[in-house]
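Trainee: Sharing a structure here in structure tokens format.
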Amino acid sequence: MKTDSSTAIKIKDLHYKYKSDWLGKPFHALKGINLEVFEGESFGFLGHNGAGKTTTIKLLLGLTTITSGSIKIFGKDPKDPSARRSVGYLPEQPYFYDHLTVQEIMDMYATLAGIKKDFRQSAIKEALEMVKVSARAKSPMRSLSKGLTQRVAMAQAIVGSPKLLILDEPFSGLDPIGRREFADLMVELKKRGTTIFMSSHILSDVEFLCDRASIMAYGELKGVYQLRDIPQMSSGSYELIIREFDGDLRDIKSKAAECVIQEKLIRLTFTDRKTAEQVLTEALAMGIAIESFRFQQGTLEDLFVELVKFEEAKHQ
Ligand code: ATP
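Okay, structure coming up:
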């Protein structure tokens, strides 16, 4: 049985209201969130822009006071100093004093993480090695590229070996190599038992890295999913790509759920196999050149787009 302390995060009926939005009116940003994240799992916290992810993260970190409901971090209030020490945080837009060197920044965060003086230098060395910025330890922060700054931001988050790592858009500013290295680092941290809670708009990374994910829309949590179940949850789609054709394509196009023209190619998407095969047969009979025909399994992105579009329509 899961107890409160084997649950890394427990959120119950959480509401949060900003005192005023840009029109000067109170804004109900979180409308009754319920969520449990278990110790040792990696969890993707997803939602459209403005859904309420950063607001939730600020509350998880105890940076602001909830309007109603409750949050527990390993069974404790997020403002409790021992709960805070168990959490490492990578903000969406990290800001560092740019006249300080990487080493000075890390000294500051290692001290804040409560690492005793005798162990501080070895902890910093290990964190910088893990994010591959050791060679720049003496560089002032202002001389670092966006990607390197993001690596330092990750180093300060992991330096205290936190039990829970909260990452707000961790891949922001990273090139494809940096993204892959961060993904490898997260896999390694998870192996060591770290619970990872991350918000990201790069859904393929979430699909690859996380055990479960939730999707939030307009301040409400719309679903929590086991990522391994996603391909079976959606029936998938059939994609037929044909070459540009002089004849009448109206009939074929009208049978497709979606039709996109890309230069000399036409991509047709079908939701059912029978229609897709029927159109393929018709296209062959008409002498249309077929570029490809394939089945696509449902992805997290399909689920996200479908759910958010549905909610968007309700809010218009
Ligand atoms: P993004 O993906 O763009 O970072 P998000 O899901 O993190 O979005 P939040 O930053 O949590 O979204 O914002 C949730 C809602 O609260 C938005 O509608 C936003 O405009 C509003 N909001 C955020 N901060 C404030 C504030 N200080 N005062 C008033 N409203 C705010």
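For the sequence shown, my numbering begins at 802 and goes up steadily by one.
Even for Gly, the Cβ is constructed at its ideal location relative to N, Cα and C.
Are the beta-carbon atoms belonging to residue 845 and residue 1060 less than 8 Å from one another?
Mentor: no
Trainee: Anyone know if the C-beta pair for residue 877 and residue 883 falls short of 8 Å?
Mentor: yes
Trainee: Using 10 angstroms around the beta-carbon of residue 919, count the other beta-carbons present and answer buried if the total reaches 16, otherwise exposed.
Mentor: exposed
Trainee: Please return the same chain residues whose Cβ sits closer than 8 Å to the Cβ of residue 964, not counting the five positions on each side in sequence.
Mentor: 809, 840, 875, 887, 888, 994, 995, 996
Trainee: Of the choices 854, 999, 832, whose alpha-carbon is the least far from that of residue 843?
Mentor: 999
Trainee: Say the cut is 7 Å; is the CB of residue 1111 nearer than that to a heavy atom of the ligand GDP?
Mentor: Inclusion of the ligand GDP in the displayed structure is not the case, the ligand content consisting of the ligand ATP alone.
Trainee: Exposed or buried, which one is residue 1105 when buried takes at least 16 other CB atoms within 10 Å?
Mentor: buried
Trainee: Less than 8 Å between C-beta atoms, sequence neighbours within five positions excluded: which residues of the same chain meet that for residue 1049?
Mentor: Around residue 1049: no qualifying Cβ.
Trainee: Would you decide whether residue 1090 is buried or exposed? Buried here means 16 or more other CB atoms lie within 10 Å of its CB.
Mentor: exposed
Trainee: What are the partner residues of residue 889, as DSSP defines its beta bridges?
Mentor: Answer is 966.
Trainee: Does at least one heavy atom of the ligand ATP sit under 7 Å from the Cβ of residue 1026?
Mentor: no
Trainee: For the ligand ATP, is there a heavy atom less than 7 Å away from the beta-carbon of residue 933?
Mentor: no
Trainee: Quick check on the burial criterion: 16 or more other C-beta atoms within 10 angstroms. Buried or exposed for residue 978?
Mentor: exposed
Trainee: Would you list, in sequence order, the uninterrupted alpha helix (DSSP H) runs of no fewer than 4 residues that lie entirely inside the stretch 1059 to 1116?
Mentor: 1074 to 1086, 1101 to 1115
Trainee: Can you give the Cα-Cα distance for residue 1022 and residue 896, rounded to whole angstroms?
Mentor: 29 Å
Trainee: In chain order, what residues of the same chain have a beta carbon less than 7 Å from the beta carbon of residue 1096, not counting five sequence neighbours either side?
Mentor: 1037, 1039
Trainee: Output yes if chain C places a C-beta closer than 8 Å to the C-beta of residue 841; else output no.
Mentor: Absent here is chain C; the protein component of the structure consists of one chain.
Trainee: Express the C-alpha separation of residue 1016 and residue 1024 in angstroms, rounding to a whole number.
Mentor: 6 Å
Trainee: Just the Cα atoms here: how many angstroms apart are residue 829 and residue 957?
Mentor: 32 Å
Trainee: Can you name, in chain order, every residue of its own chain whose Cβ lies under 8 Å from the Cβ of residue 814, other than the five neighbours on each side?
Mentor: Here the set comprises 833, 834, 835, 869, 870, 871.
Trainee: Locate the beta strand (DSSP E) running through residue 979, then write down its first and last residues.
Mentor: Segment 977 to 992 is the alpha helix (DSSP H) holding residue 979; no beta strand (DSSP E) there.
Trainee: Give me, in chain order, the residues of the same chain whose beta-carbon lies closer than 7 Å to that of residue 1032; leave out the 5 immediate sequence neighbours on both sides.
Mentor: 1098, 1099
Trainee: Compare the Cα-Cα distances from residue 1067 to each of 1088, 927, 1092 and report the closest residue.
Mentor: It is 1092.
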